[in-house]
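A short write-up of the structure that comes next.
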Amino acid sequence: MPNAGVLHAQLNPPQLRRYTLAHPRLAALLREALDHRATIVQANTGYGKSTALAQMADWNLPLFWYSAGEGDTDPRQFLSHLIAALRLRLPAFPEGPLALLQDADAGAPAALDAVLHALDEICANPSLLVIDDYYLASSPETDALLEHLIASVPPALRVIVATRYPLQWKMLVGWRAGNQVLEIKRAALAFTPDEIAALFRDTYNLPLAPHDVELLAERTEGWPIALQLIRQEMRSNPQAPLDTLLARGSGSLATLFDYLAQSVLAQQLPRRREFVLQTCALRELEPAACNAITQRDDGDARLLELCDSDQFVRAVGERHYRYHHLFHDFLWEQARRQNPSAARDRHRRAAKFFRRAKRYDEAVYHLLQASEFRQAAALIQEIGETVLREGRLDTLAAWIDALPPDEVASHPFILFMLGELARLRSRFDDALAWYAQAERAARDAKDTSGITRALRGQALVYLDTLRPAEAEKSLQEALRLSDRLDDRATKARLLEMLAENKLNIGKAEEAERLRAQVRALRDEGPSEDALSVRVKIRTGRLDEARETLETWARAESGQLHPPRGHRETLLILSLLYAFQGRGDSALDTAQASITLGARFHSPFISAVGQLRLGHAYQIRGDLPQAIRCYQEAAALGDQLAVPRTRAEAHWGLTRAYGLMGDHPAACREAAAGIAVARRSGDIWVAGLVQIALGASHMLAGRDRDAIQTLQDGLAAFRASGDPFGRAATRLWLALACWRLRQRERALTHLDDALTLAEAQHYDYLWTRRTLLGLQDPRVIVPLLLEARQREGKPAGRDNAYVTRLLAAMRLEQVSAHPGDQLRIQTLGAFRVWRGAAEVSEREWQRRKARRLLQLLVTFRGKMFQREEILELLWRKETPEQAARDLRVTLNALNHALEPERVDKDPAFIAREGSACGLQSGADIWIDADEFTHLITRADAEPTPTAFDLYRRALALYQDDYLGDARYEDWTSAERERLLALYLRTADRVARELFARGEWDECLALCERILTRDRCWEHAYHLQMRVHAQRGERVQVRRVFDRCAAALRQELDLEPSPATQDLYRQLLA
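Counted the way the working numbering counts, the sequence shown spans residues 1 to 1068.
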């Protein structure tokens, strides 16, 4: 009997172990095998093919299992084993096919036809035939038999074939075109990072940190057998870090390497085995490099052969490949053990090849691997500055770390590069030590260029850490030495640094003169660089600086560059945005610069980024968060011993504490900030701190102290040539004098501020919250109105600019203003704010004052006659009593809204004879108006923009209009109008949320709709659709039942035909 020698294990799926790898994505994909004639699972060893297929035994379907063996290339043996597998699970399978196979005169094809005929007769229910390890049986004859079997099996039988190597069947092309074959390859069998995390957490009970998951995914590439071996090693060595377990020579990799030696390498033909052991010297495989190492010319053919047979080779580009990471480590280890000298020779040949090809990174790598340290050092010296300029600090550091110490010490330029690496990573003391060592080595070698370079490095540290005296000394000596060199570029670079040092101590004019010398040395006209932009910022040319920086930021996006410390484009741009009151942009660029600092491993960039983030939070009004940023930046700066961060942190904290009302803390920070600025000679930064302190004095009600401090700040900005600082200081001085009733002095300061602002386009100082300006621009409006209205316009000034500023704040029609915007919330609890201060319950004095304001707000735009108001609010009282109450209530309302008003017409409540209403054009913000305005805008916009506007509108609708006045008839119409608008808008947003797949938010919004209208059927539709998408049929029924109950209770109706049709469709 031909199948008498079949082992029982060949006809049964392997028994699953306790820690079988759970792979839900693969399990779901295998389920699709039921929809295809054939499924091919193809990947190299260790990818869990057999384990995944063995889990099909739990599908409650008949499973015929056949694991092919070494001798099964013989078609009769292959077929006899296949028949045995079928007979084991099908007792009714006839004897005929086996008898025919035993007949020497009959061929295997005839026996297969008999098998197919038998299956047609007895295989009527869905069932599965799995042929595992088919690569052991594959031959032209067995391939033909299996193709015929798959093409002719009954429709109920699905064939699944697992193999290591790609199949070359003729019928595959047609099956693919007809979607009759499911192909599951290595990518589907490998574990993704998320799946690795779930596997170790849920199956192995070994939760991994995110960085360990990332490392494991990168090294193993999701290879299941490697994950299993790592798990075993983690169990054996629970204290060992994961990177140690994945290192060459570790126990887990030793076990894996033994497995690869037996299961992969030993199975290769000698020619292929020699090729992979030679080319494992390369990090990436390409034909020319392989030929250089093997000294043959068949690299292209060999690589295609490896790739086509899926021998742990990955394509990374056209004719470019690499070995699987762990397989590469295995090959490297094998090659090194077998012949270390030959391995080094291969690296030398590779280095020679890559150097000729000008691929210097690879050349350095191979020189270091070959222990050719002198050649490697020479090449590093040759390309080091380019690598630094590209921002590849880690690459350069790794190269130098691989050199022996004596080799490093003999190369002054490499010592200098170590200084550059330390400086760019904010290790300033280390940097100075390396530069000093480079200087000594250069002096010993009488290398003037090297001495100059080392002094320049020291000066850069002093510039970064704001030590102008030391910077001046190093730069002057370097300039003296540069006179001996015929090197205009070096001299220009030193003069440029000297210009920056002058700017850092507030000498912008000297800096500009030095920059002119630099341009002359470089034979170029005016050009832009970080220094010129900083000069523009410190001399008030903010728009010019912003345009340049924004252009640079766009060009640098996604590009590598060396770290620049505080000169990073995004850092300077964030500060400028804060000066101009662009809070969102300031925040975005600050956060991006912090990310940049982390990428460069530069605590200095991160510290300055935190400072700029603090400024951005101040502009956005989040003062506690701003204070946290300043404190973190100061702590980082202290660790780095960089006073620059301290000075800016003190400035920011002075302003933030002042705005929060902590005047003593603001004074302490200001004193410290001014002291740091004066020690470094930076009068501009001292001016910034003084303007913040002056503002803090004013916020504490100490206006006279504020004037003295602001005068000092004005002098600092005048000395440093900054019109922007002068304009901001004049603005604060005008406000301080106005509050002290010094009208003429206030208007004089105001006029000077307006003159500067109009000339330099500083409109934002008046219309936005800015870093040097007012936290609430409304406080200056009374002064602007005074300037516009006074007789004899100052110095012949045309008041068109004042009118333009008022128009930008939408206040051009205002004739009276208290210095605060009135903000009224009607959609939810009724609340009123004067600027940032909420009107308290006590300030209303009379309850009817609130109700009167609600009436006027409800009918905004209407002037009520006294009788109308009395009828609506005092209908139960006598006319005389009602009139008296109205008069008292109106006074209480005006006092609540403008407690500081003296002998002026009310700014918010208009009186015309016996009529009253809201003042036309008054500075009043009402949430209901904003709600309506946003929806009107959204209705005219395309979907993405409209969606954001609709959501902003919905966020305003906290509850129905004037809920505490819901029983007043005069609120009903407005309430119904706004509710209808809300329901329509919420429905639109819910539809869009469903379309975007944001189902949780869609459900929540539908729930809010139904809270306000239980009979809004479309909300039920969306909820049913969401639950159906999630496969939650019970929830679909519950939503429909809830809908039906609501309609019956509220309207005595059944759900509409559309609702019922949708319900039936979703449950079908």
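Where is the CB? At the ideal position from N, CA and C, for every residue including glycine.
According to DSSP, simplified to helix, strand and coil, what is residue i?
{"i": "phenylalanine 64", "result": "strand"}
{"i": "valine 130", "result": "strand"}
{"i": "alanine 315", "result": "strand"}
{"i": "valine 153", "result": "coil"}
{"i": "tyrosine 961", "result": "strand"}
{"i": "tryptophan 684", "result": "helix"}
{"i": "glycine 251", "result": "Confidence is the limiting factor: at glycine 251 the pLDDT is only 49, short of 50, which leaves the residue's position unreliable, though a coordinate-based value still follows. Three-state result, glycine 251: helix."}
{"i": "leucine 136", "result": "helix"}
{"i": "phenylalanine 1079", "result": "An answer regarding residue 1079 cannot be provided, because it is not within the stretch 1 to 1068 covered by the chain."}
{"i": "alanine 516", "result": "helix"}
{"i": "tryptophan 169", "result": "coil"}
{"i": "lysine 502", "result": "helix"}
{"i": "asparagine 12", "result": "coil"}
{"i": "tryptophan 223", "result": "coil"}
{"i": "arginine 778", "result": "helix"}
{"i": "glutamate 496", "result": "helix"}
May I ask which residues mark the beginning and end of the beta strand (DSSP E) holding residue i?
{"i": "threonine 163", "result": "157-163"}
{"i": "valine 41", "result": "38-42"}
{"i": "glycine 322", "result": "First, the amino acid is wrong: residue 322 is arginine here, not glycine. Residues 320-323."}
{"i": "tryptophan 59", "result": "Premise fails: tryptophan 59 is in no beta strand (DSSP E) and is neither H nor E."}
State the start and end residues of the unbroken alpha helix (DSSP H) segment that holds residue i.
{"i": "cysteine 290", "result": "287-294"}
{"i": "phenylalanine 78", "result": "75-89"}
{"i": "lysine 49", "result": "49-54"}
{"i": "histidine 601", "result": "Histidine 601 -> no alpha helix (DSSP H), and no H or E assigned at all."}
{"i": "lysine 848", "result": "847-858"}
{"i": "threonine 654", "result": "643-659"}
{"i": "alanine 807", "result": "800-808"}
{"i": "aspartate 202", "result": "That residue, aspartate 202, is in no alpha helix (DSSP H); it is neither H nor E in DSSP."}
{"i": "serine 449", "result": "448-464"}
Per DSSP, which one or two residues make a beta bridge with residue i?
{"i": "aspartate 430", "result": "Aspartate 430 pairs with nothing; no bridge assigned."}
{"i": "tryptophan 833", "result": "Arg823, Glu838"}
{"i": "phenylalanine 864", "result": "Cys916"}
{"i": "isoleucine 909", "result": "Leu918"}
{"i": "isoleucine 926", "result": "Ile824"}
{"i": "valine 181", "result": "Ala38"}
Keeping to the same chain, check which residues put their C-beta closer than 8 Å to that of residue i; ignore five residues upstream and five downstream.
{"i": "serine 250", "result": "Legend: pLDDT at serine 250 = 48, less than 50; position of this residue unreliable, value from coordinates given subsequently. Cβ neighbours of serine 250 beyond the five flanking positions: Glu233, Thr244."}
{"i": "arginine 349", "result": "Ala292, Ile293, Gln295"}
{"i": "leucine 611", "result": "Cys629, Tyr630, Ala633, Thr645, Glu648, Ala649, Gly652"}
{"i": "threonine 192", "result": "Arg25, Ala217, Gly222"}
{"i": "proline 2", "result": "With a pLDDT of 41 at proline 2, under the threshold of 50, the modelled position of that residue is not reliable, and the figure given next carries that caveat. Cβ within range, chain order: Arg76, Gln77, Ser80, Leu98, Leu101, Gln102."}
{"i": "phenylalanine 859", "result": "Gly917, Trp970"}
Sorted by chain position, which residues of the same chain lie with C-beta nearer than 7 Å to residue i's C-beta, five sequence neighbours on each side aside?
{"i": "leucine 956", "result": "Leu827, Asp927, Glu930, Phe931"}
{"i": "proline 412", "result": "Ala438, Ala441, Ala442, Ala445, Asp447, Gly450"}
{"i": "glutamate 420", "result": "Leu388, Gly457"}
{"i": "glycine 694", "result": "Ala706, Thr709, Leu710, Gly713, Trp732"}
{"i": "glycine 796", "result": "Caution applies to glycine 796, whose pLDDT of 42 falls short of 50 and renders its modelled position unreliable; the value that the coordinates give is listed next. Taken in chain order, the list of residues that qualify is empty."}
Short of 6 Å in beta carbon distance, which residues of its chain neighbour residue i, apart from the five on each side in sequence? Order them along the chain.
{"i": "alanine 946", "result": "Ala938"}
{"i": "glutamine 919", "result": "Phe908, Ala910"}
{"i": "leucine 495", "result": "Leu514, Gln517, Val518"}
Verify the CB distance criterion: does residue i have a CB-CB separation below 8 Å to chain C?
{"i": "leucine 811", "result": "Going by chain labels, chain C is absent from the structure shown, which holds only one protein chain."}
Taking three-plus beta-carbon pairs below 8 Å as touching, is the region 681-691 in contact with the region 496-508? yes
Taking one C-beta from the region 430-446 and one from the region 455-463 each time, how about it: are there three or more such pairs within less than 8 Å? yes
Given 8 Å, three or more beta-carbon pairs between the region 667-675 and the region 749-762: no
May I ask you to verify whether the region 558-576 touches the region 589-604, counting CB pairs closer than 8 Å and requiring at least 3? yes
With a cut-off of 8 Å, do at least 3 Cβ pairs link the region 54-68 to the region 180-198? no
Touching by the beta-carbon criterion (3+ pairs, under 8 Å), the region 102-111 and the region 44-51: no
Is there contact between the region 875-882 and the region 816-823, where contact requires at least three CB pairs shorter than 8 Å? no
Taking 8 Å as the cut-off, does the region 601-608 touch the region 781-788 (at least 3 CB pairs, one atom from each stretch)? no
For the structure I just gave you, are there three or more beta carbon pairs, one from the region 368-377 and one from the region 333-348, closer than 8 Å? yes
Quick one: any contact between the region 766-781 and the region 608-622, if contact means 3 or more CB pairs under 8 Å? yes
Is it the case that the region 56-63 contacts the region 118-128, given that we only count it when at least three CB pairs across the two stretches are under 8 Å? Verdict: yes, contact present.
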